[in-house]
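These notes concern the structure reproduced below.
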Amino acid sequence: MFDDFIVRAFAAGIGLALITGPLGCFIVWRRLSYFGDTIAHSALLGVVIAYALNYNLIIAVFVVSCVLALSLLFLQRRTNLPDDALLGLLAHSVLAIGLVLLGILSFIRIDLMGLLFGDILSVNFTDLLFVWIGGGIVLIVLILIWRPLFAGTVNLELAKAEGLNPDLANAIFTLLIASVIAISIKIVGILLITGLLIIPAAASRNLSSSPIQMAILSSIIGVASVVLGIQTSMIWNTPTGPTILTITLGVFIATMLPLKKLLISKNKIKS
Amino acid sequence: MRNNLIELKNCGVVRNQKWLVRGVSLKVSQGEIVTLIGPNGSGKSTTAKMCLNILKPDEGFNTIKNDIRISYVPQKISIDWSLPLRVIDFINLVIKHKNSEISDALNMTGIKHLIYEDVRNLSGGEFQRLLMARAIAKEPHFLVLDEPVQGVDYPGEIALYKTIQEFVKNINCGILLISHNLHVVMSQTDYVICLNGHVCCAGTPKTVIKDQEYIKLFGDSIDPTLAFYEHNHDHEHLPDGSINESKRV
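Chains A and B supply the protein sequences, listed in that same order. So the first sequence is numbered by my numbering: it starts at 1 and just counts up by one. So the second sequence is numbered by my numbering: it starts at 1 and just counts up by one.
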């Protein structure tokens, strides 16, 4: 069944969208959208290291992302700089290190387009295992830390005072983002993973009234966009990753239509 | 021997080479209300945060009894607009409660009708009641209230304090209360600590109110030239603003 590259593309995309839904919600809630970007930038360094050591791409990217995420946590505690300045500092310096390393190791030839935009149609069976098993683990961990993470998102001091451990949950959450970016790098690429994390969540925000609703709806929007996006890209022969994101953007615009308002006002009149 | 829930021993917090508060010792036991008063920037909230272990004291020791349920009503919470959060979600923030517990707590604070309302549509006073409701729903052993009635209108303020009082009686929890409003608070408090970067004076309300340090900070508490305007309604309002017909005089 997974012999067909189209089937593999659907399986990988759907698996990824299921994880990015709820994770993306937390990224939006915590104003971390630039953080996803930063980790995605560091992925280049991971890719270069993977090629240089002839090591598994996903694991190398994951390790580099984790190191970056942890250094961010460290910098947050040790400096008085605002988060966005720290993120800018890390994103661009790590990207620069990646490029310098790439220059030194001149024997490496990297498919830059593939790295930036991914190639969902070239996903192999091992990648699929990473998406579904790795993604499954990410989802389970997210559910386990949901309460302290969410309470800490609403109010850190309140969560701490009442005996939760939001700091630990934050650190784990950071690692979850790192793993999702590592998993997704081959599928949608560096530039598009942040979009896949944020746009479905943003679209879902427009329709949701509770946090859990927003997380679930965000997954649904992501999955629907992946399915539609892959099909559209085959019909029009367009690059698949960008097509998927364009579709999510379409969904986002659709959610801004005053559809909900009309429904609500009708309900109110009825009751 | 009464049961100490939390205790600070000679605690202080230093930030940027400045002591926010220093040399604070206090304890709160079951069924006791301890009130912190003091001017702005006197270290009231900092002291409360040491009692909750949000801040580790840079000097001295804070001990919190193991395995007690703690509720915290912080001074200020701002909810990010990106978060869809209803009243019921907010109450379930730290612990998932039964529906009956939630409606009891909302009833006590008078905002039952807002249960599915988005938190950001609440007025300041309604939000303050929600913070109280969430704290009560947990049935805590130790409750910290940091200016719990700010933004609540005067009748609501008295009603909220009554709720607090009933609540202490019912579940026998210890309360640390931070307040500006001395008159309302004093009569219900077991122990008052007057802070101004350090403990100025402490004791039962009756002794504190006569203390020279206290008078220096707050002046004579009841100025004879100031009288409260008595605002006697002939009717009572329900929390949603409608008039309670059953109690109409």
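We put the beta carbon where it would ideally sit given N, CA and C, even for glycine.
Under 8 Å between C-beta atoms of residue i and residue j
i      : j      : result
A:V138 : A:L90  : no
B:I6   : B:I64  : yes
B:L195 : B:K44  : yes
B:S71  : A:E157 : no
B:I33  : B:T189 : yes
A:N155 : B:P74  : yes
B:K138 : B:R69  : yes
B:R15  : B:H198 : no
A:S210 : B:P84  : yes
B:V192 : B:I37  : yes
B:V94  : A:A159 : yes
A:T20  : A:V131 : no
Residue-level contact to chain A via CB, residue i, 8 Å cutoff
i      : result
B:R86  : yes
B:L176 : no
B:D223 : Bear in mind that the predicted position of B:D223 carries a pLDDT of just 45, short of 50, making it unreliable; the figure below should be weighed with that in mind. Closer than 8 Å: no.
B:L5   : no
B:R15  : no
B:D118 : yes
B:D58  : no
B:D190 : no
B:D211 : no
B:F228 : Legend: pLDDT at B:F228 = 44, less than 50; position of this residue unreliable, no value from coordinates given.
Under 7 Å from the C-beta of residue i: neighbouring residues of chain A
i      : result
B:L52  : A161
B:S100 : The premise fails here: B:S100 is roughly 20 Å from chain A at the closest Cβ pair, so nothing lies under 7 Å.
B:D146 : Within chain A, no residue comes near B:D146; the closest Cβ sits about 10 Å away, beyond 7 Å.
Under 8 Å from the C-beta of residue i: neighbouring residues of chain B
i      : result
A:L158 : Y72, P74, I77, L93 and V94
A:P211 : L83, P84, L85 and D89
A:L164 : V94
A:R78  : Chain B residues near A:R78: none, gap ~15 Å exceeds 8 Å.
A:R205 : S82 and P84
Cβ neighbours of residue i in the same chain (closer than 7 Å, five flanking residues each side left out)
i      : result
B:G125 : G151, V152, D153 and G156
A:A202 : V28 and F252
A:F117 : G189, L191, L192, P239, G241 and P242
A:D84  : Y34
A:V223 : I14, A17 and L18
B:H180 : E147
8 Å Cβ cutoff, residue i in contact with chain B
i      : result
A:V281 : There is no way to answer for residue 281 of chain A, as the model of chain A reaches only from 1 to 271.
A:V251 : no
A:W29  : yes
A:L32  : no
A:S225 : no
A:S219 : no
A:R8   : no
A:A315 : Nothing about residue 315 of chain A can be read from this structure; chain A reaches only from 1 to 271.
A:S271 : Residue confidence for A:S271 is low, a pLDDT of 44 falling below 50, so the modelled location carries little weight; the figure read from the coordinates is stated next. No, no contact with chain B.
Contacts around residue i, its chain only, beta-carbon distance under 6 Å, and the 5 residues preceding and following it disregarded
i      : result
A:S184 : L16 and I193
A:V61  : A43, G46, A182 and I185
B:I222 : A caution first: B:I222 carries a pLDDT of 49, below 50, which makes its placement in the model unreliable, though a value can still be read off. Once the five neighbours on either side are set aside, B:I222 has no close Cβ partner at all.
A:T153 : W29 and R30
A:G229 : T243, I244 and I247
A:I49  : A60
B:H231 : At B:H231, the pLDDT of 47 sits below 50, so the modelled position is not reliable and the matter cannot be decided from this model.
B:K27  : N4 and E7
B:G254 : With chain B running from 1 to 249 in the structure shown, residue 254 of chain B is simply not present.
Close Cβ partners of residue i (< 8 Å) along its chain, the five nearest in sequence each way excluded
i      : result
B:R86  : I115, Y116, E117, D118 and V119
A:L95  : H41, S42, L44 and L45
A:L121 : F5, I6, A9 and T240
B:N62  : I6, E7, L8, K9, C11, M50, C51, N53 and K56
A:V141 : I172 and L176
Contact list for residue i against chain A, beta-carbon separation under 9 Å
i      : result
B:D153 : In chain order: nothing, as chain A lies at least about 25 Å away.
Contacts that residue i makes with chain B (C-beta to C-beta distance below 7 Å)
i      : result
A:M214 : P84
A:N155 : P74 and I77
A:S208 : P84
Under 7 Å, CB to CB, which of the residues in the segment 19–43 of chain B have a partner in chain A?
Along the segment 19–43 of chain B, there is no position whose C-beta sits under 7 Å from a C-beta of chain A.
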